[in-house]
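J.: This is the structure, below, for whatever I ask next.
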Amino acid sequence: MSRKAKLDQSTWKIPSLFAFVGEYGPFKVNAYEPIKDDTLIWLCNTGNKETTSNGCNGQHPMHGMAGAAQELLLSSESRFSNILVVDISDMFDNPVEYYAALSDELEQKEELTN
16 MSRKAKLDQS TWKIPSLFAF VGEYGPFKVN AYEPIKDDTL IWLCNTGNKE TTSNGCNGQH
76 PMHGMAGAAQ ELLLSSESRF SNILVVDISD MFDNPVEYYA ALSDELEQKE ELTN
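Numbering follows my numbering, with no gaps: position 64 of the sequence shown is 79.
In structure tokens:
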């Protein structure tokens, strides 16, 4: 068993990743290639660490997004065949920390555009 398997990962601040696929088969990413143009990257913050890791009332954490994702992927006019959901709620201990990071990001963006 590798040493990484023995590490306590409960304190790691990493996003949760989920994929909705409109094609047959799993979401595929090649090692050294960027994600294809037909993939929508959906950044969200559920705001609840419990929801992301355990689901709400036994439901999958993305249960609330499933209808919108299905509609987008199965529409005959859709330009996307995959949706990669990046839930960043696990990256912050509380909403104050999240809003502080968001504020810093927006300030940096303003500096870059000016």
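Beta carbons are placed, not taken as given, at the ideal position from N, Cα and C, and that holds for glycine.
Would you give the residue range spanned by the alpha helix (DSSP H) that valine 26 belongs to?
T.: By 1-based counting over the sequence shown, the position of residue 26 is 11. Going by the sequence as given, residue 26 is threonine instead of valine. Note, threonine 26: premise wrong, no alpha helix (DSSP H); not H, not E.
J.: Use the C-beta contact count for threonine 66: other C-beta atoms within 10 angstroms, 16 or more gives buried, fewer gives exposed.
T.: Working through the sequence shown from its first residue, we reach residue 66 at position 51. Below a pLDDT of 50, predicted positions are generally treated as unreliable, and threonine 66, at 45, falls in that range; the measurement from the model is reported next regardless. Threonine 66 should be labelled buried.
J.: Between the stretch 92-103 and the stretch 34-41, do three or more beta carbon pairs fall short of 8 Å?
T.: They touch, by the three-pair rule.
J.: By a C-beta neighbour count over all protein chains shown, 10 Å radius and 16 as the cutoff for buried, is serine 118 buried or exposed?
T.: The residue given as residue 118 occupies position 103 in the sequence shown. With fewer than 16 Cβ atoms within 10 Å of its Cβ, serine 118 is classed as exposed.
J.: In whole angstroms, what separates the C-alpha of asparagine 69 from that of proline 76?
T.: Taking the first residue of the sequence shown as 1, we reach residue 69 at position 54. Taking the first residue of the sequence shown as 1, we reach residue 76 at position 61. Reliability of the predicted coordinates at asparagine 69 is poor, the pLDDT of 49 falling under 50, and the value obtained from them is presented with this limitation in mind. If I take the Cα positions, the gap works out to 7 Å.
J.: Applying the criterion that 16 or more other CB atoms from any shown protein chain within 10 Å of the CB defines a buried residue, is isoleucine 29 buried or exposed?
T.: Locating residue 29 in the sequence shown gives position 14, counting from the first residue. Exposed, because fewer than 16 other Cβ atoms sit within 10 Å of the Cβ of isoleucine 29.
J.: Based on DSSP bridge pairs, tell me the residues matched to isoleucine 56.
T.: Position 41 of the sequence shown, counting from 1, holds the residue named residue 56. In DSSP, isoleucine 56 forms a bridge with Leu99.
J.: Look at the Cβ atom of phenylalanine 33, then the Cβ atom of aspartate 108, and state whether they are nearer than 8 Å.
T.: In the sequence shown, the residue the question calls residue 33 occupies position 18. In the sequence shown, the residue the question calls residue 108 occupies position 93. Not a contact, by the Cβ cut-off of 8 Å.
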